[in-house]
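Participant: First the structure, which I've put down as structure tokens, then a few questions once you've had a look.
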Amino acid sequence: MPLVVVSQVLMNKTVVEVAHHFAGHAFYSYSLAAMSDSRRGIFRAALVAKLHFTGPTDCVRDGLSSLPGLVVLIMATGILKVKDTNVVDENGKTVILRGAGLGGWLNMENFITGYPGHESQHRAAMLQVLGKEKYDFFFDKWLEAFFTEGDAKYFASLGLNCIRIPFNYRHFEDDMNPRVLKEEGFKHLDRAIELCTKQGIYTILDMHTLPGGQNPGWHSDNATPYAAFWDYKDHQDRTVWLWEQIVERYKGNPWIAGYNPINEPCDPQHVRLPAFYKRIEKAIRKIDPDHILWLDGNTFAMEFRGFDEVLPNCVYALHDYSMMGFPTGRPFTGTDEQKAILARQYARKTEFHRENKTAIWNGEFGPVYANPRYEPEAEKINQGRYELLGEQMKIYDKAQISWTIWLYKDIGLQGMVHTSPDSPWNKLIAPFLEKKKRLQLDSWGKYPSEEVDNLMKPLIEWVDKVSPTAKDLYPTSWNTQKHLDRAILQTFLSDSLQMEFAELFKDKSFDELELLAKSFQFDQCIQRDGLNRIMSDHATVAVLE
41 MPLVVVSQVL MNKTVVEVAH HFAGHAFYSY SLAAMSDSRR GIFRAALVAK LHFTGPTDCV
101 RDGLSSLPGL VVLIMATGIL KVKDTNVVDE NGKTVILRGA GLGGWLNMEN FITGYPGHES
161 QHRAAMLQVL GKEKYDFFFD KWLEAFFTEG DAKYFASLGL NCIRIPFNYR HFEDDMNPRV
221 LKEEGFKHLD RAIELCTKQG IYTILDMHTL PGGQNPGWHS DNATPYAAFW DYKDHQDRTV
281 WLWEQIVERY KGNPWIAGYN PINEPCDPQH VRLPAFYKRI EKAIRKIDPD HILWLDGNTF
341 AMEFRGFDEV LPNCVYALHD YSMMGFPTGR PFTGTDEQKA ILARQYARKT EFHRENKTAI
401 WNGEFGPVYA NPRYEPEAEK INQGRYELLG EQMKIYDKAQ ISWTIWLYKD IGLQGMVHTS
461 PDSPWNKLIA PFLEKKKRLQ LDSWGKYPSE EVDNLMKPLI EWVDKVSPTA KDLYPTSWNT
521 QKHLDRAILQ TFLSDSLQME FAELFKDKSF DELELLAKSF QFDQCIQRDG LNRIMSDHAT
581 VAVLE
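Each number in the working numbering comes from the position in the sequence shown (counting from 1) with 40 added on.
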């Protein structure tokens, strides 16, 4: 068996040697120098690295905690697979993946970076204002700065072992030039996968935006509330084709934990989604028979109605947000009733998994956080949301499931890491953010607005009066207000303001654009310590084999 050596030479003596029982494919250098000095953090990273210590445990613990320059050699342990209700490595050892989604990067979202509306309209407005040369320069620099080696090292230092990478299909294919692969689209995806690999972090590739739009949300870059993906075969054909290109590229990579073919699908008929999963599973398996498919449930990954079969080597995913973690929801105070609500919500969403004895992945969850600029009691509010998150994680620990929180980085609403209020980016867009908040242009984390409420309330009441069934239209989780907010505020009004936002960048020099992009660089960002402490505390869980 290969030997992994964990060592720090002090006076020419090796402090610790550990035997590793994996016949892995390759070695990767993993520096723990950036880690917290706490023993807890060091042991988490060791567990994530799948190191099995031999010899006296206390001796190992004490030795490791005193080695700030520790270097661990990590072997890839073969491609992960599903066995019964678990994800396992090639030796059959259970692997629990825990981490975050890299949202807002290769699939941009309005609340994550600050623009209104939808990515395609945002990019079109920026292209018009900047011109092609500056547009290409800025977005390349921004993509480069958003995720760097510093991010990967910090992520690993928390003991986390998985990053879900959402992407927009438009990076790899143009609507006006379909089925022609854009090789340049892989530049930053390849780079992120490699950065994660070097830190012993698995990646899950998530197609967050599909041709036609798989759901009526802004996060699928869908500029209408209509999910056309389900009604047009060519949208589905193109999606299968693109996944075939992607898996051809990444098949055999042991640090890719698998493919998430569709984020938060919304099929009103409930039967077309499982049928499409069967189709794409067959297409992918012809090229890559090994990697796991991570399959979201229907209706924003909240239900599995219509699923009549469990596909092989697949993990079925739910998304488990709680409204108690959002400004318009009831605050979490830790009552027995609220804890019971969380438990019931999780039990309902995992009923399919229990009945069919499948592995579980919670692909998205997590509260948003109050901004002291808007909330005088932000610290108190956020403490309640940390407690909510901790309560949810207790449920997941008990169930021993894999999860990826939403999200890793943004401009200050939800991310583990966020841009500074004093950064060039935040300073530039601050007045526009105030306007977005007042007009409720963002669905995610929207604040109450008397101005908007007074305008929308009569319209909502009128629609419910003249069309009593309006509130029952799909998605079933939406009421009349949600439908109208999406159509009027978050689509029509938001996209009408695209040029106003883009004009903020008018006449910026290349140097100024680069400084704006670098606002997202790890060493320029702020870490949300309260959130990250909880993440680290729950990064690993004892596996009951």
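Glycine is no exception: its CB is placed at the ideal position from the N, C-alpha and C atoms.
Specify the secondary structure class of N147 as computed by DSSP and reduced to three states.
Facilitator: In the structure shown, N147 sits in coil (DSSP, three-state: anything other than H, G, I, E or B).
Participant: Please tell me whether N300 and I233 are closer than 8 Å, where the distance is taken between their beta carbons.
Facilitator: No, Cβ-Cβ distance for N300 and I233 is not below 8 Å.
Participant: By the three-class DSSP mapping on this structure, what secondary structure does S76 have?
Facilitator: For S76, the pLDDT reaches just 39, beneath the cut-off of 50, and the residue's location in the model is therefore unreliable, although a value from the coordinates is still provided. The answer is coil: DSSP assigns S76 none of H, G, I, E or B.
Participant: Can you give me the Cβ contacts of D215 inside the same chain, cut-off strictly under 8 Å, excluding the 5 residues immediately before and after it?
Facilitator: P251, listed in sequence order.
Participant: Any idea if N217 is buried or exposed, counting beta-carbon neighbours within 10 angstroms, 16 or more meaning buried?
Facilitator: When all chains shown are included, N217 counts as exposed.
Participant: Give me whichever residues DSSP pairs with N126 in a beta bridge.
Facilitator: BP columns for N126 point to K123.
Participant: Label Y155 either buried or exposed according to how many other C-beta atoms from any shown protein chain fall within 10 Å of its C-beta, with 16 as the threshold for buried.
Facilitator: Y155 is buried by the Cβ-count criterion.
Participant: In this structure, how does DSSP classify Y487 when only helix, strand and coil are distinguished?
Facilitator: It is coil, neither helix nor strand.
Participant: What alpha helix (DSSP H) runs, 4 residues minimum, are completely inside the region 414-440?
Facilitator: List check, alpha helix (DSSP H) in window: 418-439.
Participant: Once DSSP output is grouped into helix, strand and coil, what is the label at F207?
Facilitator: Correct three-state label for F207: strand.
Participant: Would a C-beta distance cut-off of 8 Å place V408 and Q454 closer than the cut-off?
Facilitator: Against a cut-off of 8 Å, the Cβ pair of Q454 and V408 comes out as a contact.
Participant: Applying the criterion that 16 or more other CB atoms from any shown protein chain within 10 Å of the CB defines a buried residue, is K181 buried or exposed?
Facilitator: Buried, since its Cβ has 16 or more Cβ neighbours within 10 Å.
Participant: Say whether the region 456-471 touches the region 386-394, bearing in mind that this needs 3 or more beta-carbon pairs closer than 8 Å, one atom from each stretch.
Facilitator: The region 456-471 is not in contact with the region 386-394.
Participant: Quick one: any contact between the region 346-355 and the region 418-430, if contact means 3 or more CB pairs under 8 Å?
Facilitator: They do not touch, by the three-pair rule.
Participant: Please name the residue, chosen from A140, V135, T125 and T153, that lies closest to S484 on a Cα-to-Cα basis.
Facilitator: Per the sequence shown, the amino acid found at residue 484 is Trp instead of Ser. The option with the nearest alpha carbon to W484 is T153.
Participant: Near G430, which residues of its chain fall below 7 Å by C-beta distance, leaving aside the five closest residues on each side in sequence?
Facilitator: Contacts found: I574.
Participant: Where L120 and K193 are concerned, what is the direct C-alpha to C-alpha distance, given to the nearest angstrom?
Facilitator: Rounded to the nearest angstrom, the two C-alpha atoms are 22 Å apart.
Participant: Within 10 angstroms of the Cβ of T580, are there 16 or more other Cβ atoms? Answer buried if so, exposed if not.
Facilitator: It is buried - the Cβ of T580 has at least 16 other Cβ atoms within 10 Å.
Participant: Which parts of the region 313-345 are runs of the beta strand (DSSP E), unbroken and 3 residues or longer, counting only runs that do not cross its ends?
Facilitator: Segments of the beta strand (DSSP E) lying fully in the region 313-345: 332-336.
Participant: Would you identify the three-state DSSP class for R138, choosing helix, strand or coil?
Facilitator: Strand, per DSSP.
Participant: With a 10 Å radius around its C-beta and 16 neighbouring C-beta atoms as the bar for buried, classify D450 as buried or exposed.
Facilitator: D450 comes out buried.
Participant: Using DSSP's beta-bridge definition, name the partner residues of S25.
Facilitator: The structure shown does not extend to residue 25, since the chain spans only 41 to 585, so no value can be given for it.
Participant: When the Cα atoms are used, what is the spatial distance from D577 to F545?
Facilitator: Looking at the two C-alpha atoms, the distance is approximately 41 Å.
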